[in-house]
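Everything in the sequence shown is counted per our numbering, starting at 319 for the first residue and increasing by one.
In what follows, a structure is listed as structure tokens, so that the remarks can point back to it.
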Amino acid sequence: MDRSTEPLAAPAAGTRTPQAAGKPGLAGSAPMLPALRDAFVKLDPRVQWRNPVMFVVYVGSILTTFLWIHALQAPQDPASPPWFVLTVAVWLWFTVLFANFAEALAEGRSKAQAASLKGLKKSTWAKKLKRPVHGAEWVPEQAENLRKGDVVLVDATDLIPLDGEVIEGVASVDESAITGESAPVVRESGGDFSSVTGGTRVLSDWLVVRIAVNPGESFLDRMIGMVEGAKRQKTPNEIALTILLVALTIVFLGVTATLLPYSIFGVRAAGAGNVVGLTALVALLVCLIPTTIGGLLSAVGVAGMSRMMRANVIATSGRAVEAAGDVDVLLLDKTGTITHGNRQAASMVPAPGTTDRALAITASLASAADETPEGRSIVALASRLGFQAPAVPPGAQAVPFAAQTRMSGMNLPARGTEPARTLRKGAVDAVRRHVESLGGSLPQELARAADEIARRGGTPLAVADGRTVVGIVELKDIVKAGIKERFGELRRMGIKTVMITGDNRLTAAAIAAEAGVDDFLAEATPEDKLKLIRQYQGEGRLVAMTGDGTNDAPALAQADVAVAMNSGTQAAKEAANMVDLDSNPTKLLEVVETGKALLMTRGSLTTFSIANDLAKYFAIVPAIFVSTYPQLSALNVMRLGSPASAILSAVIFNALIIVVLIPLALKGVAYRAIGAAALLRRNLLIYGLGGLIVPFIGIKAIDMVLVALGLV
319 MDRSTEPLAA
329 PAAGTRTPQA
339 AGKPGLAGSA
349 PMLPALRDAF
359 VKLDPRVQWR
369 NPVMFVVYVG
379 SILTTFLWIH
389 ALQAPQDPAS
399 PPWFVLTVAV
409 WLWFTVLFAN
419 FAEALAEGRS
429 KAQAASLKGL
439 KKSTWAKKLK
449 RPVHGAEWVP
459 EQAENLRKGD
469 VVLVDATDLI
479 PLDGEVIEGV
489 ASVDESAITG
499 ESAPVVRESG
509 GDFSSVTGGT
519 RVLSDWLVVR
529 IAVNPGESFL
539 DRMIGMVEGA
549 KRQKTPNEIA
559 LTILLVALTI
569 VFLGVTATLL
579 PYSIFGVRAA
589 GAGNVVGLTA
599 LVALLVCLIP
609 TTIGGLLSAV
619 GVAGMSRMMR
629 ANVIATSGRA
639 VEAAGDVDVL
649 LLDKTGTITH
659 GNRQAASMVP
669 APGTTDRALA
679 ITASLASAAD
689 ETPEGRSIVA
699 LASRLGFQAP
709 AVPPGAQAVP
719 FAAQTRMSGM
729 NLPARGTEPA
739 RTLRKGAVDA
749 VRRHVESLGG
759 SLPQELARAA
769 DEIARRGGTP
779 LAVADGRTVV
789 GIVELKDIVK
799 AGIKERFGEL
809 RRMGIKTVMI
819 TGDNRLTAAA
829 IAAEAGVDDF
839 LAEATPEDKL
849 KLIRQYQGEG
859 RLVAMTGDGT
869 NDAPALAQAD
879 VAVAMNSGTQ
889 AAKEAANMVD
899 LDSNPTKLLE
909 VVETGKALLM
919 TRGSLTTFSI
929 ANDLAKYFAI
939 VPAIFVSTYP
949 QLSALNVMRL
959 GSPASAILSA
969 VIFNALIIVV
979 LIPLALKGVA
989 YRAIGAAALL
999 RRNLLIYGLG
1009 GLIVPFIGIK
1019 AIDMVLVALG
1029 LV
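What follows is the structure, given as structure tokens:
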């Protein structure tokens, strides 16, 4: 039965965008109260065990809590009165909670983003075609019952049920629910703009779509899974850093464990002083192990994924984001990335013996059926020069551009005394072969003119009338403003930029010099791109590239960081490990900067965390041993009020510094295009030296407050 006239109840798609998940900052879209609640939920030992450094603090918190209960019941130890043990226990718990809060706040952002995306997932009805052609009978089917390979009809106002490829039709599609961009985009069969995303809405006309995924595997489903930080896998660098932190923790655990027998021996040998208490040893251990970076490490990784999402780039994993920070070779398409991509006819060079009028009219007629920006610009240039081409006569046959011939044109029928004409325009070498096959030749003057145009960065097109080349049309593509400076920044960071283009070597060399790229690949084929990537990877380098077409899929799959355009084909998006929702080829530069910022943030916080342990050493070690070894008072360079005050000040600072650094962990260290050596010096100066100075100031300030309030 033909159900094509029956209405479908298609639920409206949500209009919240992924980037609505909030702006950078402490709160952003992740409310404070849910993060506080999750901080307590994460006290589950099964959650704490995932972070070995903070698990040690967690165990220390439990131990000091039991020590406090014991101190209430047993005879009081003058070195560890109940109030002192309780205060240490409370601040150790705060340390664990603050670390949980940082992670929960970062995850909250991703959860908010995922929630906004889940709002787009509605139960959608589709028009499933019985035959894969427009006009065939269809039956209503729920989207969740569709399978890969099914063909559906999507009319104006209908939602596209699942990801797919347009096999027939052309229509404008509203993708604002996915990309956040209000302007509709055109999707059509064939080419690199045939991919459609489930959850978007057709605004005009109709499309016949072949479903490319099964339910639960759509782009929207992958987006939701990607942005849920709780499911983020650790990256190799993060795993290596975790191993380092665990090693440091084990070392300090061993050192702290030997201090108890050392203290007992000292008291017995000196006949004076007090044996160091377990509470003081736990406090010392917690302050010496790298708790600051341990508490913020997970938040830094989750926040990196979130920052990428706010840039409207979906990364398949934290590995892809971090790999972007390690990239040292960028492969960039010329058109749309380095140049604006709309080549326009700028001038015409007639052949010897050919008038400007004859060339302009011939070029216009050859471009009459060419609806590309280049073709329309040739007609417009002829008109501006004052040469209006006659109307195309009946019976004329348009010759579309073909990759094999690299030409297009028009076949004009004979009229009266005028013979039939074959007009062609295209690449100079292609037109040369064409006219030579007909017994003609390319004048040397035009060959030199074409070479000169190519050296200037333009694209020469030859125009032929039968076996005669009548002239050259110059197409110019404008290099984007500021792109040269950005490439200079990348060069200072040790990143090599390589422009990829289908242009000839002369044109490619001219544009490469103007744009400031380090190298270029001219007349590139998919095989050439793949070979180049493997060559760089064979040298031990990490390669990033962008692409949108099916022919880009092999190279995208091979690249270490592959950014596919959302407007591109399904094959390109499946091969890539990132998808740019804005379909902006220059986004690759921002992706690399975001990856660099992630690595810089982690390195900076690690440097700060390790450096500030020195101040805690000067605070606690003299405090717990000064009664046995009075000479250690010389190490009390901060002149802290008392042993109890020194220990409490260090423990309190150790907890509060995590809270202070949460905004930095979430927002990230600002990206700076400087070399590795300069970056290391800056890191050591700001976060290394800062990590040494800030704790001295902070611990002393807390000590003064405790003494002033009479708490110690």
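For glycine and all other residues, C-beta sits at the position ideal for the given N, C-alpha and C.
What you are looking at is a predicted structure, and each value in this text was computed from that prediction instead of being measured.
| query | result |
| --- | --- |
| If you draw a straight line from the C-alpha of Phe402 to the C-alpha of Ala962, how long is it? | 7 Å |
| Assuming Cys262 and Ile942 are in contact, meaning their beta carbons sit under 8 Å apart, how far apart are those beta carbons, in whole angstroms? | Because residue 262 is not part of the residues shown, which for the chain are 319 to 1030, the question remains open. |
| Considering Glu908, what are the terminal residues of the alpha helix (DSSP H) in which it resides? | 905-929 |
| Is Val978 buried or exposed, if buried means 16 or more other CB atoms sit within 10 Å of its CB? | exposed |
| Tell me which residues share the same chain as Val374 and place their Cβ nearer than 8 Å to its Cβ, disregarding the 5 neighbours each side in the sequence. | Thr567, Leu571, Leu603, Val604, Ile607 |
| Determine the closest residue to Ser507 out of Gly704, His452, Thr576, Glu459, with distance taken between C-alpha atoms. | His452 |
| Quick one: complete alpha helix (DSSP H) runs, 4+ long, within the segment 629-673? | 636-644 |
| Applying the 10 Å Cβ sphere with the 16-neighbour rule, what's the burial state of Ala803? | Reading off the sequence shown, one finds Glu at residue 803, where the question assumed Ala. The residue is exposed, with fewer than 16 neighbouring Cβ atoms inside 10 Å. |
| Contact between the segment 878-890 and the segment 607-622 is defined here as three or more beta-carbon pairs at a separation below 8 Å; is this criterion met? | no |
| Return the chain-ordered list of same chain residues with a C-beta closer than 7 Å to the C-beta of Pro731, the five sequence neighbours on each side being excluded. | Pro711, Gly713, Ala714, Ala738 |
| Taking the alpha carbon of Leu856 as the point to measure from, which residue in Asp878, Thr864, Ala721, Trp456 has its own alpha carbon closest? | According to the sequence displayed, residue 856 carries Gly and not Leu. Gly856 has its Cα closest to that of Asp878, out of Asp878, Thr864, Ala721, Trp456. |
| Determine the contact status of Ala681 and Gly789, defining contact as a CB-CB distance below 9 Å. | yes |
| If you follow the beta strand (DSSP E) that Glu459 is in, where does it begin and where does it stop? | 456-460 |
| List the DSSP bridge partners of Gly789. | Pro668, Val781 |
| Would you kindly work out how many angstroms separate the C-alpha atoms of Ala348 and Val365, rounded to a whole number? | Because the pLDDT of Ala348 is 45, which lies under 50, any placement of that residue in the model is unreliable, and the question is left without a value. |
| Can you tell me which residues form a DSSP beta bridge with Asn729? | Gln715, Thr740 |
| Compute the beta-carbon to beta-carbon distance between Val531 and Asp476, rounded to the nearest angstrom, for a pair I have assumed lies under 8 Å. | So it is not a contact: roughly 18 Å between Cβ atoms. |
| Suppose the cutoff is 6 Å on Cβ atoms and the five residues either side in sequence are ignored; what does the same chain contact list for Ala641 look like? | Asp878, Val879 |
| By how many angstroms is the C-alpha of Tyr376 removed from the C-alpha of Leu410? | 8 Å |
| Less than 9 Å between the beta carbons of Asp795 and Arg661, yes or no? | yes |
| Does the beta-carbon of Thr673 have 16 or more other beta-carbons within 10 angstroms, so that it is buried, or is it exposed? | exposed |
| May I have the straight-line CA-CA distance separating Ile679 from Ala700, to the nearest angstrom? | 7 Å |
| Does the contact criterion of 3 or more C-beta pairs under 8 Å hold for the segment 921-932 versus the segment 971-985? | yes |
| Hey, would you say Thr904 sits closer than 9 Å to Ile829, going by beta carbons? | no |
| If you follow the alpha helix (DSSP H) that Arg810 is in, where does it begin and where does it stop? | 801-810 |
| Within 10 angstroms of the Cβ of Pro363, are there 16 or more other Cβ atoms? Answer buried if so, exposed if not. | exposed |
| For Gly1016, is the classification buried or exposed, using 16 other Cβ atoms within 10 angstroms of its Cβ as the cut-off for buried? | buried |
| Evaluate the contact criterion for the segment 467-475 versus the segment 516-535: three or more CB pairs, one atom per stretch, below 8 Å. | yes |
| Just reading off the alpha helix (DSSP H) that Ala893 is part of, what are its end residues? | 888-893 |
| Three-state secondary structure (DSSP) at Leu521? | coil |
| Among Met728, Asn930, Arg751, whose alpha-carbon lies nearest the alpha-carbon of Gln722? | Arg751 |
| Do Leu578 and Val593 come within 9 Å of each other at the CB atom, strictly closer than that value? | yes |
| Flag this pair as touching only if the segment 889-907 and the segment 866-878 have three or more C-beta atom pairs under 8 Å; answer yes or no. | yes |
| Taking the straight line between their C-alpha atoms, what separation do you get for Pro458 and Val514? | 20 Å |
| Among the candidates Leu741, Met626, Gln949, whose CA atom is the shortest distance from the CA of Arg785? | Leu741 |
| Which residue's Cα is closest to the Cα of Phe511: Ser522, Ser536, Ile485, Arg519? | Ile485 |
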